[in-house]
Structures are given as C-alpha cells and as structure tokens.
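Accompanying notes for the structure given below.
There are 2 protein chains.
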Amino acid sequence: MRIRAAVLGAGSWGTTVAHLLAQNTPTVLWARDPILAASIAADGVNARYLPDHPLHPALEVTADIGEAVGGADVVIMGVPSHGFRGTVEQLAGSIRAWVPVISLAKGLEAGTDLRMTQVVHDVLPGHPYGVLTGPNLAHEILDGHAAATVLAMSDTTIAERLAELFTTDRFRVYTNHDVVGCEIAGALKNVIAIAAGMADGLGAGDNTRAAIVTRGLAELTRLGVALGGEPLTFAGLAGLGDLVVTSFSPQSRNRRVGEQLGRGRSIADIVADTPMVAEGIRTAPVVVDLGRRHGVEMPIAEQVGAVIAGEVAAADAYRRLLERPSRPEMHGLHGLRGE
Amino acid sequence: MRIRAAVLGAGSWGTTVAHLLAQNTPTVLWARDPILAASIAADGVNARYLPDHPLHPALEVTADIGEAVGGADVVIMGVPSHGFRGTVEQLAGSIRAWVPVISLAKGLEAGTDLRMTQVVHDVLPGHPYGVLTGPNLAHEILDGHAAATVLAMSDTTIAERLAELFTTDRFRVYTNHDVVGCEIAGALKNVIAIAAGMADGLGAGDNTRAAIVTRGLAELTRLGVALGGEPLTFAGLAGLGDLVVTSFSPQSRNRRVGEQLGRGRSIADIVADTPMVAEGIRTAPVVVDLGRRHGVEMPIAEQVGAVIAGEVAAADAYRRLLERPSRPEMHGLHGLRGE
Numbered sequence: 002m003r004i005r006a007a008v009l010g011a012g013s014w015g016t017t018v019a020h021l022l023a024q025n026t027p028t029v030l031w032a033r034d035p036i037l038a039a040s041i042a043a044d045g046v047n048a049r050y051l052p053d054h055p056l057h058p059a060l061e062v063t064a065d066i067g068e069a070v071g072g073a074d075v076v077i078m079g080v081p082s083h084g085f086r087g088t089v090e091q092l093a094g095s096i097r098a099w100v101p102v103i104s105l106a107k108g109l110e111a112g113t114d115l116r117m118t119q120v121v122h123d124v125l126p127g128h129p130y131g132v133l134t135g136p137n138l139a140h141e142i143l144d145g146h147a148a149a150t151v152l153a154m155s156d157t158t159i160a161e162r163l164a165e166l167f168t169t170d171r172f173r174v175y176t177n178h179d180v181v182g183c184e185i186a187g188a189l190k191n192v193i194a195i196a197a198g199m200a201d202g203l204g205a206g207d208n209t210r211a212a213i214v215t216r217g218l219a220e221l222t223r224l225g226v227a228l229g230g231e232p233l234t235f236a237g238l239a240g241l242g243d244l245v246v247t248s249f250s251p252q253s254r255n256r257r258v259g260e261q262l263g264r265g266r267s268i269a270d271i272v273a274d275t276p277m278v279a280e281g282i283r284t285a286p287v288v289v290d291l292g293r294r295h296g297v298e299m300p301i302a303e304q305v306g307a308v309i310a311g312e313v314a315a316a317d318a319y320r321r322l323l324e325r326p327s328r329p330e331m332h333g334l335h336g337l338r339g340e
Numbered sequence: 002m003r004i005r006a007a008v009l010g011a012g013s014w015g016t017t018v019a020h021l022l023a024q025n026t027p028t029v030l031w032a033r034d035p036i037l038a039a040s041i042a043a044d045g046v047n048a049r050y051l052p053d054h055p056l057h058p059a060l061e062v063t064a065d066i067g068e069a070v071g072g073a074d075v076v077i078m079g080v081p082s083h084g085f086r087g088t089v090e091q092l093a094g095s096i097r098a099w100v101p102v103i104s105l106a107k108g109l110e111a112g113t114d115l116r117m118t119q120v121v122h123d124v125l126p127g128h129p130y131g132v133l134t135g136p137n138l139a140h141e142i143l144d145g146h147a148a149a150t151v152l153a154m155s156d157t158t159i160a161e162r163l164a165e166l167f168t169t170d171r172f173r174v175y176t177n178h179d180v181v182g183c184e185i186a187g188a189l190k191n192v193i194a195i196a197a198g199m200a201d202g203l204g205a206g207d208n209t210r211a212a213i214v215t216r217g218l219a220e221l222t223r224l225g226v227a228l229g230g231e232p233l234t235f236a237g238l239a240g241l242g243d244l245v246v247t248s249f250s251p252q253s254r255n256r257r258v259g260e261q262l263g264r265g266r267s268i269a270d271i272v273a274d275t276p277m278v279a280e281g282i283r284t285a286p287v288v289v290d291l292g293r294r295h296g297v298e299m300p301i302a303e304q305v306g307a308v309i310a311g312e313v314a315a316a317d318a319y320r321r322l323l324e325r326p327s328r329p330e331m332h333g334l335h336g337l338r339g340e
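Same order as they appear, the protein sequences are chains A and B.
The working numbering numbers the first residue of the first sequence as 2 and each following residue consecutively.
The working numbering numbers the first residue of the second sequence as 2 and each following residue consecutively.
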C-alpha cells in the first residue's frame, strides 16, 4: 500500500517533516505564499525559514491546497494554532474519504480552548486524526542529529503504519494511544518553558531551572489528567522530553521570550522583535483559565500569565513562587496514580 | 525543641548542607582530615572544595567524630557511598538513642547493592533514617540561587520537623514518604547523566539529549519500581529534577565523565584526571546487574556500562541505541500505573 503524503504549511517544522517523509514516500508540501512555494521548488531550499538546509530532491511543492490534498492519503497539518481551523476548512472540499489528518501544532484554539485534533474532528468528522509531537528542533533534525518523537492516534493499526512513514535512521517514532495527553502536553509545556526562560533572564542557576521544570511538569500533569490525558504520557517524549528541550535549548522560541521577560522587557516589545510565533504567549491565558475552571492549582502558569499580561514584574512573580509554603512533594498527584 | 545537627563529611555538598543548617540551628561539621577541619575553623571557608564561599559564622568544625555525633540530635551523612558504611560504624559508639540519620549520598554499596539508608539500618537498627536528595549543585546554593529538594522519611512527623531545619528563604524542602524511590532515583540518575554527557561528547544536539533524558527516566523508573519505589517519585525532584541538572549542567561531574567518554577517552584516563568522585562510574555496573536480576530492560544503562568497561566505543554504543526497533512508547510502563 503506497501512502502519498501532503504537508500543509511551509514553516520550519512543516518543511522538516515534509523532508523526512519525502525519504520514504511521495510527498507534497503546500506553502500558502506562492512566492515561497516557487522559491522552494526552484532552489530545493526553504530560504525563509530554513536557509542552508537542502531539502530532499523528491519533495514536491505547491501553493494550490486542493492539488496538495486531493492526491494525498495522509494530510499533515504544519500550521500554528491560530491559522489551524481556517486551513482545515480550506482543505475540507478536497480531502478524500478515510484520509487521516495529523497535527503538528502545539497550542490550543483561542476562544474555544479546543485541541487541534478536536478542531479536525469538528470540521472533518469521520476522518481519523492524530498528533506528532516530541522534542524536535527542526534545525537539528535537518543537520542529521538523532531525535525521537511520538505519533499519537487512537487507532493503533493506522498509527503503526504511519509511524513507518516518518521514521528514518536518525528519527525514531514511538506510538502512543493517548491523543489527548500528547496534545495537551505539547501545548502546556510552552508555558513552563517561558517560566524557565524567565529564571534564566533573572540570572538563576541550573538548580532553579531543574526545579521549575520538575514542578512545572507536576503542574501540567495535574491539568492534563483533569482534561482526560493519562499521567504516564506527561513523563514521556511529548511531555517531559519536549519540556526539557523547550526549556533548555538556546534555539527554543518560548524559552527566549521568557528570558526577555526576565530581563524586564514587555511582551509587546518582545513580540515586535520576533519573526516567528512563540505559542506559549497565546497558551498562557488559556492554561490559567483551564486550571481555574477545573480547580487545578497552577502556580507557575499563573505567574507566567500575570507577567505576560503586564500585571506583575518577572522578579516579583519569581519571588511569589518561592514564598509558597513547603508541603508534601506529591500533593494533588497521588490520586492520579490509579488512572 | 532545639535540634542540634552534626554533618559528617566536609566535601562540597556536606559543607553546603552544614552551612544551610547553621542558619537555623547549632550545627557542627566533621572533617575526617584534621588539617581541613583546622583550616575551615580558622578561615570560615572550605578552601579545598568550596574556595571563595564564606560559610555561616555560627558553623562549628571538628575532626573528632565522637564529639560531633555525641552532642547531635540529628546526624547527616555527607560521605560518598564507598566510605559510607565505615563512617556509620565509626559513629555507632557515640550516637544517642532515637537520633535520626539522614543520608546525602547518591550511590549504592558495591558488592551488596544496598541503598545507603539500608546500610544505616544494618549498622544502627532502631534509628529513624532518611535521605535528602534533589537537583542541588553546591556552588549555586552557596551563591544564593533558589533551589528545591526532597527529604524522604517514612515518619512524616520527623520529616516535617527536620524539613524546617534545612529550609531557608532560597532553599525549599519538600517531604516525601518514599525513601526507597528517592534513594534509588538519586543513585540511578548518575548513569543516565553519563549517557547524556556521552551524547554531548559525540556532538549530538538538544533533541538527542532530551530523548536520552526522557527514555532514561522511563528506564530508571522501571527498575526503581521493581526495587520497591513508587512511580511518581521518579517524576519528582529526586528523579526527574536531579536527572535534569546532572544531565545538563556544565558543573555536573557525571555529565563531564560521559562527555570525555564520548570523545573517545578511556575511563582509566578520565578517573586519573578527576579530583572528585563521579558516583555514576561505580553505579553503572551495579545498575546493569540489578536490571538483569529483576528482568528489567535497561538499554541505556547497559550501553553506559559497556563503554565504562571498555567493551564498546561510545560511538558504537550510541548507534546500538538508535538501531533498536520502534515500539509503543509506554511499553513495560503501563503495568506500573496502579501502584
């Protein structure tokens, strides 16, 4: 069975995934901007987002979404959360029956708090859906460094078949049936990464960052489980793995935003300077809202949200976290253990 | 109730913990070497292990273990695993009834595979015991950076009272009843940190390190649970937190050993150059042995053990890990969920 792939969105990660797929199967990359599409097709390089990285020669590029989707046996959504629903609506007229839709986005829909696969289900009921997520910096993968990721789908047979399509000798794809947990983890970790970056900007050390990552993981696990995810997922590649890379890598956009906040810059200033989207800025208020609605204590996300909203300075937010009373480490988590 | 503390061992961490305690209660630090004891007493600085860090003026220092222990209401063991039993035997004649013994060591006893609190129980049955463990780099704590840690004891009342003694405005102490899990996590994480360092030495990127830490945590959780720890402990400060700091900090001895191995140096060469102990070198064969005896798959620890034993080059070990077949992410972990 030959599975032709269409990747929608020619940002850095969409382009990278298309490049990986092209090694295993006929793949077309859709760029919304015809100029970018023409330039990638002509040069074999995405000069806007991934200069200096030659793409697989078999990769096709188009600016015609109907053409990309109409011939595809799997559609991969490489667009950020704020453009996600619009793109799914745009492809609805061209996608064939039974074709699975895989999300690469790490965010929740503003206004509805929906996960991206819920948006897929909303617009395209009946299509199998899933999410590919993990500690995956695009540049490193294109440079040939080893990486691992998770493909989460409720249907194990489809997941295993699709996992083969993404796998190369340097890119390991694990399967997981917990779509909700993997997707929530991918969205929530950006907020904790902003907190880790804030600590850096304030001159904190490795101990502090490790404590923020650990307590942050506990916090996002509590919320993720309240939203229907499984506890173990958050300790896996989609949770811990992605949190670690997003919190520590100099290449991480969310960490960099936090670092600037820690140095006292306002979010408006930072956003004006940043060409690419840091999803955590949009996710923070959504996460705080979800925590309140589900009665889950989220001290780190609350402080990140307050700093982004300009209500509190980063140094004060950090002090508030330290002033909380000590308590048993697993407070609020032990009840999660038995599923 | 005034609780006088004795810290045994004037290495960098023992000295740091004594300095923290001295802020809250009368504390004496025991140095085995009379010259070091006299120098710390005279200068208020541990010039051998922590130069440039002035210690709390109220901290007392002695080279007489009987004097240190005889007046103590809690004894803190700041000696590494290979000298641990000898020191406990040495203090057995001086310790008073009911006095708790807290271990700071992160290793298992060679030959017996015992945890350090098991050694305490062996030599001093009837004394309450516990372990203080977490992402705690001594230099950063002395520099006043924020950090968090875990005090694990089976008796919650004693744990809460002692936690107050260690707590300062920059050092948060959480309590945990899972002594086994906290202690095993502290010992096992050093082996995974060596693997993360090996990846660095081989020029791998942030994705790879994140994957090693995540899969490494899954591996040490499997073994830790087989040995009687609770799964959640491994996702906490004693597990994940300490693993993150040991795997990523430039100051981590175990990470540095791994980095040198990754660059192709032999363990004999590396050890000859290193003044301080990297516990992971000793722990690796013990962990591999425990994994085999308990039927737990430990692919990362196995490869670290093989590199340390000189049986395989780091680059080949790394390749072997990548060549393992892909599989469901939570393979072997789902059974752990319901305690």
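We put the beta carbon where it would ideally sit given N, CA and C, even for glycine.
Query                                                                                                               : Result
Any chain A beta carbon closer than 8 Å to Ala212 (chain B)                                                         : yes
Any 3 or more C-beta pairs closer than 8 Å across the segment 254-269 of chain B and the segment 186-194 of chain B : yes
Proximity winner among A:Arg86, A:Thr168, A:Thr150, A:Pro329, relative to Glu330 (chain B) (alpha-carbon distances) : A:Thr150
Listed by chain order, chain B residues near Gln252 (chain A) by CB distance under 8 Å                              : Asp207
Contact with chain A by Thr176 (chain B), beta-carbon distance below 8 Å                                            : yes
Cross-chain neighbours of Gly242 (chain B) in chain A, by beta carbon under 7 Å                                     : Ala211, Ala212, Thr215
Three-state secondary structure assigned by DSSP to Val18 (chain A)                                                 : helix
Chain-ordered neighbours of Arg283 (chain A) on chain B, where CB pairs are closer than 8 Å                         : Simply none; closest approach about 23 Å.
Neighbour-count burial assignment, Ile36 (chain A), 16 or more Cβ in a 10 Å radius                                  : exposed
Cβ-Cβ separation, Leu60 (chain A) to Val89 (chain A) (assumed contact under 8 Å), whole Å                           : Their Cβ separation, rounded to whole angstroms, is 23 Å, which puts Val89 (chain A) and Leu60 (chain A) out of contact at 8 Å.
Buried versus exposed, by CB contacts within 10 Å (16 or more), Asp53 (chain A)                                     : exposed
Contact with chain A by Ala148 (chain B), beta-carbon distance below 8 Å                                            : yes
C-beta neighbour in chain B for Ala236 (chain A), strict 8 Å                                                        : yes
Contacting residues, own chain, Cβ-Cβ under 6 Å from Ile103 (chain A) (five flanking each side not counted)         : Ile77, Gly131, Leu133
Beta-carbon spacing of Gly206 (chain B), Thr215 (chain A) below 8 Å                                                 : no
Neighbouring residues, chain B, relative to Ile142 (chain A) (Cβ below 8 Å)                                         : Asn208
Pairwise C-alpha distance: Leu228 (chain A) and Ser250 (chain A)                                                    : 28 Å
Same chain only: Cβ atoms within 6 Å of Met117 (chain B), ignoring 5 sequence neighbours per side                   : Phe85, Ser104, Ala106
Cβ contact (3+ pairs, closer than 8 Å) linking the segment 287-300 of chain B and the segment 108-117 of chain B    : yes
Tyr175 (chain A) - DSSP class collapsed to helix/strand/coil                                                        : strand
Backbone secondary structure at Leu337 (chain B) - three-state DSSP                                                 : With a pLDDT of only 48 at Leu337 (chain B), under the threshold of 50, the placement of this residue in the model should not be trusted, and no figure is reported.
Contacting residues, own chain, Cβ-Cβ under 7 Å from Gly339 (chain A) (five flanking each side not counted)         : Confidence is the limiting factor: at Gly339 (chain A) the pLDDT is only 34, short of 50, which leaves the residue's position unreliable, though a coordinate-based value still follows. Within the same chain, Gly339 (chain A) has no close Cβ partners at all.
Residue-level contact to chain B via CB, Pro300 (chain A), 8 Å cutoff                                               : no
Residue-level contact to chain B via CB, Pro136 (chain A), 8 Å cutoff                                               : yes
Short Cβ contact (8 Å threshold) for Tyr50 (chain B) with Thr26 (chain B)                                           : no
Assigned secondary structure, Glu61 (chain A) (DSSP; H/G/I helix, E/B strand, else coil)                            : strand
Identity of the residue in A:Asp65, A:Ser13, A:Ser155 nearest Asn177 (chain A) by Cα                                : A:Ser155
Beta strand (DSSP E) runs wholly inside the segment 264-328 of chain B, at least 3 long, in chain order             : none
Alpha carbon of Thr169 (chain A) to alpha carbon of Val272 (chain A), nearest angstrom                              : 35 Å
Start-to-end residues for the beta strand (DSSP E) that takes in Gly131 (chain A)                                   : 130-134
Rounded straight-line distance, which links the Cα of Ala200 (chain A) to that of Ala316 (chain A)                  : 9 Å
Reduced DSSP category for Ser253 (chain A) - H, G, I as helix; E, B as strand; rest coil                            : coil
Boundaries (first-last residue) of the beta strand (DSSP E) holding Met154 (chain A)                                : 148-154
Proximity winner among B:Ala160, B:Leu9, B:Asn208, B:Thr222, relative to Ser82 (chain B) (alpha-carbon distances)   : B:Leu9
Length at least 3, wholly inside the segment 205-251 of chain A: the beta strand (DSSP E) runs in chain order       : none
Nearest to Leu322 (chain B) (by Cα), restricted to the options A:Arg264, A:Thr284, A:Arg171, A:Ala212               : A:Arg171
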